[in-house]
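These notes are about the structure you will find just below.
Pasting the structure below:
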């Protein structure tokens, strides 16, 4: 008696593999010497195009609507879970959630977020045009709309959007198109590769290799595109990385005492550094994991007085607030010339303050109906108060320095809100983060890529001060100028070129958010359907 394998099993297996490869294309997770073209932590745009092309071919050949849904679901869930599997670490290792429940939570999140992609894949399969070029354009439109839905609905969770795989290639177009436009262009290229006839497929493959595979493709493209921004002076910076283990961070005898001692000393040393005169020192998110009023007032007074008497500004991530007033995840700043003598230690921080606007669900606020899930963990969570959008940058040394906190750099359209007025737009961006919640893995590399994309979109240098990595200085073209080794305590000295002027992306995103991308995708999809000819559902 022979056992027959369902014909769908190989297709589902291939869809799962394609999804995993697309996840790994955002930041390759391993160092394999025998694969020299895949570098650990780096994006691989060509791999994203190839993996999506496989998925498109599988979906186009689906024999039924049920098969289409299963294939699309396998691809999308594998891709999404493969991108943010490290949420398991925060929930299980640091949150104390049982491993099976943590795995289930990651899987259910991936399944929920995959539904947008499955729905739009079904619409594409059911009504895709007959002409290959039009079917490819319709796929790109559907994919872009699904990406937008994931990035906006339910407070938005756009981590791992496919555009991030193309920082070093098609990312050169980010100052015009943004990450979603870049991802849509890559989706069109992948679909064209999957659906076109032989001659056109060769052309698509050559384009993919040139713009997504060749290491110099992005530089070649950037050289042929005008730069919409101009230099606005140099800013010497020092970025601090305390490398305090996450399991020690809130321990009074280990993490807190260690943070107070090391960051205090590192800041005072930086303020005496001649190279940093007219510059900036940045400490990461919740560098001191205590409310200011819970720290010896002499600590803040010594720091504020050292800044007031020096020539260097300081930004530091701190929690602020009280039980009665509410809490904020904030960045506070000190500028030379502001004398805090006699001031309350908490108010001495008011030289500059930024409050995080886009809060993390389950980490900084609890979505309605999910308190039971949060109560299963032992992580220090709560409902924080949301800051305004936009908020004024720190004015210092002729620059407008705009901080944001960790997860906020996923939302380029929200950062762009500060660019509505070119004369008041930031000249330097600063991100303070603590990715130690997610271990020493690919989440660090993915977050570096997110910061590089924001630098490209907005045409501004990006400074990143983190607890364990990636602490880095990035120029306005998304190139990493300098970076500290992850997980190691240290300081990073760099000089960045501030920029002024607005990229096309900054102009339209500041005024209309993501609506131009959504409208362009809708028009492309409708146009492809009208001009590409009709065909029946099915392969």
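Residue numbers (our numbering): 263 to 801. Beta carbons: idealized from backbone N, C-alpha and C, even for Gly.
For residue 649 and residue 406, I'd like the C-alpha separation in whole angstroms. 29 Å
Taking the alpha-carbon positions, what's the residue 554 to residue 272 distance? Approximately 58 Å between the Cα atoms of the pair.
From residue 424 to residue 284, what distance separates their C-alpha atoms? 8 Å
Whole-angstrom C-beta distance between residue 429 and residue 701, which should lie under 8 Å: Between residue 701 and residue 429 a beta carbon distance of about 23 Å is seen, past the 8 Å cut, so the two are scored as non-contacting.
What is the DSSP secondary structure of residue 348, reduced to helix, strand or coil? coil
Would you mind reading off the limits of the beta strand (DSSP E) that contains residue 726? 724 to 728
Between the segment 695 to 714 and the segment 676 to 687, do at least 3 Cβ pairs fall closer than 8 Å? no
Considering Cα atoms alone, identify which of 368, 440, 794 and 659 is closest to residue 597. Of the candidates 368, 440, 794 and 659, the one whose C-alpha sits nearest the C-alpha of residue 597 is 659.
Would you identify the three-state DSSP class for residue 270, choosing helix, strand or coil? helix
Give me, in chain order, the residues of the same chain whose beta-carbon lies closer than 8 Å to that of residue 765; leave out the 5 immediate sequence neighbours on both sides. The residues are 437, 438, 490, 491, 719, 720 and 721.
For the ligand ATP, any of its heavy atoms closer than 6 Å to the Cβ of residue 750? For the ligand ATP, the structure offers nothing, since it holds no ligand at all.
Measure the C-alpha to C-alpha separation of residue 301 and residue 470 and round it to an integer number of angstroms. 19 Å
Range of the contiguous alpha helix (DSSP H) that encloses residue 313: 307 to 322
Nearest by alpha-carbon distance to residue 411: which of 477, 359 and 380 is it? Taking residue 411 as reference, the option from 477, 359 and 380 with the minimal CA-CA separation is 380.
Close Cβ partners of residue 463 (< 7 Å) along its chain, the five nearest in sequence each way excluded: 455
Nearest-angstrom Cα distance between residue 239 and residue 479? It is not possible to answer for residue 239, since the shown part of the chain is limited to 263 through 801.
Tell me the rounded alpha-carbon separation between residue 689 and residue 740. 15 Å
Using only alpha-carbon positions, find the residue among 651, 433 and 585 that is nearest to residue 714. 433
Along the alpha helix (DSSP H) that carries residue 666, what are the first and last residues, could you check? First-last for residue 666: 661 to 667, but that is the beta strand (DSSP E), not the alpha helix (DSSP H).
Do residue 520 and residue 356 come within 7 Å of each other at the CB atom, strictly closer than that value? no
Would residue 726 pass as a contact of residue 717 if the rule is Cβ separation under 7 Å? no
So who's on the other strand from residue 757, going by DSSP bridges? 498
Rounded distance between the beta-carbons of residue 505 and residue 749, thought under 8 Å: Confirmed, Cβ separation roughly 6 Å.
Looking at residue 696: is its Cβ nearer than 7 Å to the Cβ of residue 671? no
Whose C-alpha, out of 458, 447, 781 and 759, is nearest the C-alpha of residue 393? 458
Under three-state DSSP, which class holds residue 546? coil
Quick check on this structure: which residue in 306, 362, 312 and 498 has the alpha carbon closest to the alpha carbon of residue 535? 498
Is residue 679 closer than 7 Å to residue 652 when the C-beta atoms are compared? Contact: yes.
Which residue or residues does DSSP assign as beta-bridge partners of residue 693? 666 and 726, per the DSSP bridge assignment.
Distance CB(residue 435)-CB(residue 786) smaller than 7 Å: no
Can you give me the C-alpha to C-alpha distance between residue 664 and residue 673, rounded to a whole angstrom? 14 Å
Just confirm the distance between the C-beta atoms of residue 543 and residue 580, as a whole number of angstroms; I'd bet it's less than 8 Å. Residue 543 to residue 580, Cβ: 14 Å. No contact.
Using CA coordinates, which residue listed in 594, 524 and 383 is at the minimum distance from residue 752? Ranked by Cα distance from residue 752, the first of 594, 524 and 383 is 524.
Which residues bound the beta strand (DSSP E) around residue 574? 574 to 584
With a threshold of 7 Å between beta-carbons, can residue 468 be considered close to chain B, or not? The structure shown has no chain B; it contains just one protein chain.
Do the CB positions of residue 378 and residue 408 come within less than 7 Å of each other? yes
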